[in-house]
Each structure stands twice: as C-alpha cells, then as structure tokens.
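Heads up, the sequence shown is in the working numbering, so the first residue is 12 and it goes up one at a time. Ideal Cβ positions, reconstructed from N, Cα and C, are used throughout, including at glycine.
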Amino acid sequence: MTTQTAEKIAFLFPGQGSQAVGMGKDIYLNSIAAREVFDEIDNTLGRKLSTMMFEGPDDELRQTENTQPAIMATSVATWRAMEEATGVLQIPNATAGHSLGEYSALAVAGVLSISDAVKLVLERGRLMQGACEERPGGMAAFIGLDEVTAEEICRESGAQMSTINTEQQIILAGDHHSLAMAIDIASARGAKKAIPLQVGGAFHSGLMSPAQNGLNAMIDSLTFHDPLVPLVGNVTAKSLGTTEEVKEELRMQLTSCVQWNNTVKFMMNDGIQNFYEIGHGRILSGMVKRIDRAATVTNIGDFASVLAYASAS
C-alpha cells in the first residue's frame with residue numbers, strides 16, 4: 012500500500028563520497044525486503060558486492076566499479092526497508108539524487124528496475140573511468156565563492172562548473188593545469204577555502220565527453236518508464252515527467268553541472284520543507300540546512316532510523 016501525507020516531503024539520495032565499510036549491514040540483517048535488494052544486486056553483478064560492503068577492505072570498496080553500485084544498493088535497500096516497516100509507504104511530493112544518487116532516485120521512482128539501474132551505473136562508471144584515462148583532470152571545492160565569481164574564474168582558467176551544492180559551496184572541474192590556475196585565482200578573489208578533491212577525474216565536465224556515446228547507447232538499450240514519483244533533475248533542476256525527459260537528463264548529467272542548490276530550491280518553492288536523506292551518511296542533510304536553515308532534514312541510513320520513521324508515520 013502507498014499513501015501521501017498532507018505535509019509535503021521529499022526523498023533525497025546521496026552520491027559518491029558517502030560510502031563506508033559496514034554501510035547497510037544492519038538493514039540487511041534486520042529487513043527481509045532490504046536483503047532481497049542486496050541479493051538482487053549481487054546476482055546482477057555476478058559477485059558478492061554485499062560482502063565487500065559489509066566487511067571491506069576499504070580500498071576495494073573505494074574503487075568506482077564497487078563504490079557506485081554499493082551506494083545505490085544501500086539507498087534502495089533502505090527505502091525498501093522503510094516500505095516494509097511501515098506497510099504503508101508515503102509517496103513523496105518529490106525525489107532527487109545528487110549525481111550518482113540520481114540513479115537511486117530512478118529506481119525508487121519506478122523509472123528503471125533495480126537490475127537495470129545497477130547495469131547502467133556499472134557501465135557509466137566503466138565509461139567514466141575510460142574518459143578519466145583519456146582526458147585526465149580533477150576537481151576542487153570552493154567555499155565562500157559565489158556563482159558569478161566562479162563563472163569568471165572558469166572563463167579565465169579554462170575550468171568548468173561541475174557542481175553547485177549551495178550558494179557558498181561550488182565545485183569546479185578541469186584538466187590539472189586549468190584547475191591549479193582556478194585555485195590560484197579563487198584564493199586571490201577571496202575564496203575562504205579551495206580544496207582539491209581526491210577523485211579520479213573531472214566529473215560533470217566536458218572532459219567526460221569520451222564516455223558520451225557509450226552512455227547514450229546503454230541508456231537506449233534499457234526499458235524506461237515514466238516516473239511514478241515526481242523526480243527533480245540534477246541538470247534542469249525541474250520536474251522530469253516523461254521517459255524522454257529522464258533519458259535526456261541522464262545524457263546531459265555526464266558532462267553538465269549538477270545544479271543541486273537549484274534542485275533543492277525548486278522543491279522548497281513547491282512548498283516542501285521536510286526532507287529525508289535515504290542512504291549512508293549526512294552529506295545532503297548538511298547541504299539542505301545550509302540552503303535553508305528552516306528546513307527539517309532527517310537521515311535514514313540504519314535500521315534504527317528506519318524504525319523511527321515507521322513509528323512516526
């Protein structure tokens with residue numbers, strides 16, 4: 012059964028960077044529905060990803076081909092555990108995922124089966140790794156830098172806007188020379204911090220373009236459905252209502268800036284002030300509070316929080 016509350020809510024799904032050994036383990040042990048999700052993903056991959064997630068080693072979990080499906084598995088399994096615990100899952104007024112998390116949102120919104128979502132995530136990761144090797148680059152987070160200044164720095168350095176998390180937290184991507192120049196310029200322009208990120212490439216930028224044709228082909232090979240739950244896109248920061256809109260969003264997301272600040276504001280402008288971050292970690296919870304301190308944000312990432320959600324529903 013499903014129901015929708017009078018109070019507007021949104022489900023949010025984290026992306027890469029939220030992983031940690033042990034994530035999802037207690038949900039796996041305590042929820043049959045969650046266990047079925049992990050088992051389905053293990054079967055799709057043809058290997059025991061769940062064992063690596065629960066036991067490590069950490070260096071293997073951090074490899075892209077493991078990290079991405081692991082994060083998605085935890086989020087989708089947690090959502091299924093919520094459904095099992097309540098018996099009547101609330102239909103959110105909106106759902107969105109941050110970068111990789113958008114693929115978790117696709118599964119929850121009924122756009123893709125869990126198996127197909129995992130296949131797409133795996134192929135995306137493989138293609139992105141190839142693009143990183145062909146066109147090396149990196150990313151850096153800038154704190155205290157507004158969007159207008161960031162755009163000026165990009166024009167001067169050759170870097171690109173990769174992610175706008177909040178009005179004061181922007182991530183730039185580019186080749187190593189452009190990124191180093193951007194960091195120097197930003198420091199001179201008054202950025203509070205310029206932090207190089209430990210990532211494998213310049214994600215959500217033009218340097219990912221070698222992966223575009225392969226990703227397009229994979230998207231076209233899968234069966235998509237119109238979202239059953241309102242889905243807000245990373246790139247457009249607007250509601251995606253049809254299969255074609257979702258496909259175009261995924262194509263663009265590879266090389267385009269993630270407009271997370273605008274995505275959250277779009278939901279807030281629709282009257283949503285209650286957000287649930289579903290999956291391991293609290294990265295998105297912190298971002299939402301920085302966007303609007305009046306927002307209510309709840310993290311659901313372990314079985315205790317699943318039970319707390321159920322008792323409050």
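- request: Would you list, in sequence order, the uninterrupted beta strand (DSSP E) runs of no fewer than 3 residues that lie entirely inside the segment 34–66?
  value: You should have found no qualifying run.
Minimum length 3: unbroken beta strand (DSSP E) runs contained in the segment 70–151: Taking 3 residues as the minimum length, the beta strand (DSSP E) runs contained wholly in the segment 70–151 are 105–108, in order along the chain.
- prompt: Leaving out the 5 sequence neighbours to the left and right, which residues in its chain are closer than 7 Å to GLU18 when beta-carbon positions are compared?
  reply: Counting from 1 along the sequence shown, the entry for residue 18 is found at position 7. Excluding the 5 residues flanking it on each side, GLU18 has same chain C-beta neighbours closer than 7 Å at ASN285, in chain order.
- prompt: Assuming MET83 and LEU72 make a contact with CB atoms under 8 Å, what is their CB distance in whole Å?
  reply: Here the question's residue 83 lines up with position 72 in the sequence shown. Here the question's residue 72 lines up with position 61 in the sequence shown. For MET83 against LEU72, the beta-carbon gap comes to about 13 Å, at or over 8 Å, which does not count as contact.
task: Would you give the residue range spanned by the beta strand (DSSP E) that ALA321 belongs to?
output: The residue labelled residue 321 in the question sits at position 310 within the sequence shown. First-last for ALA321: 314–323, but that is the alpha helix (DSSP H), not the beta strand (DSSP E).
message: For ALA91 and LEU251, I'd like the C-alpha separation in whole angstroms.
response: If you number the sequence shown from 1, residue 91 lands on position 80. If you number the sequence shown from 1, residue 251 lands on position 240. The residue asked about is misnamed: residue 91 is Arg in this sequence, not Ala. Taking the straight line joining both Cα atoms gives about 23 Å.
message: Report the CB separation of LEU183 from GLN171 in whole angstroms; it is logged as a contact under 8 Å.
response: The residue you call residue 183 lines up with position 172 of the sequence shown. The residue you call residue 171 lines up with position 160 of the sequence shown. Their Cβ separation, rounded to whole angstroms, is 7 Å, which keeps LEU183 and GLN171 in contact under 8 Å.
task: Could you give the DSSP three-state label for GLU246: helix, strand or coil?
output: Residue numbering aside, residue 246 sits at position 235 when the sequence shown is read from its first letter. Checking the displayed sequence, the identity of residue 246 turns out to be Val instead of Glu. DSSP places VAL246 in coil when its eight states are reduced to three.
query: In angstroms, rounded to a whole number, what distance separates the CA positions of LYS36 and SER42?
result: Here residue 36 is taken as the residue at index 25 of the sequence shown, counted from 1. Here residue 42 is taken as the residue at index 31 of the sequence shown, counted from 1. One C-alpha to the other measures close to 10 Å.
message: So, at 6 Å on beta carbons, what are the nonlocal neighbours of GLY212 in its own chain, with the 5 sequence-adjacent residues on each side left out?
response: Here residue 212 is taken as the residue at index 201 of the sequence shown, counted from 1. Answer for GLY212: CYS143, GLY148, listed in chain order.
query: Cα separation between THR307 and LYS300?
result: Residue numbering aside, residue 307 sits at position 296 when the sequence shown is read from its first letter. Residue numbering aside, residue 300 sits at position 289 when the sequence shown is read from its first letter. Their Cα atoms are separated by approximately 8 Å.
message: Quick check on SER29: buried or exposed, where buried means 16 or more other Cβ atoms within 10 Å of its Cβ?
response: On the sequence shown, position 18 is the one that residue 29 refers to. Around the beta carbon of SER29, a 10 Å sphere encloses 16 or more other beta carbons of the protein chains shown; the residue is thus reported as buried.
task: Could you work out which residue in GLU288, LYS249, MET139 is closest to SER216 when comparing CA atoms only?
output: Translated into the one-based positions of the sequence shown, residue 216 becomes position 205. Of GLU288, LYS249, MET139, the residue nearest in Cα terms is MET139.
task: Within the same chain, show all residues whose beta-carbon is closer than 7 Å to that of SER316, passing over the 5 residues directly before and after it, in chain order.
output: Start at 1 with the first residue of the sequence shown, and residue 316 comes out as number 305. The answer, listed in chain order, is ASN310.
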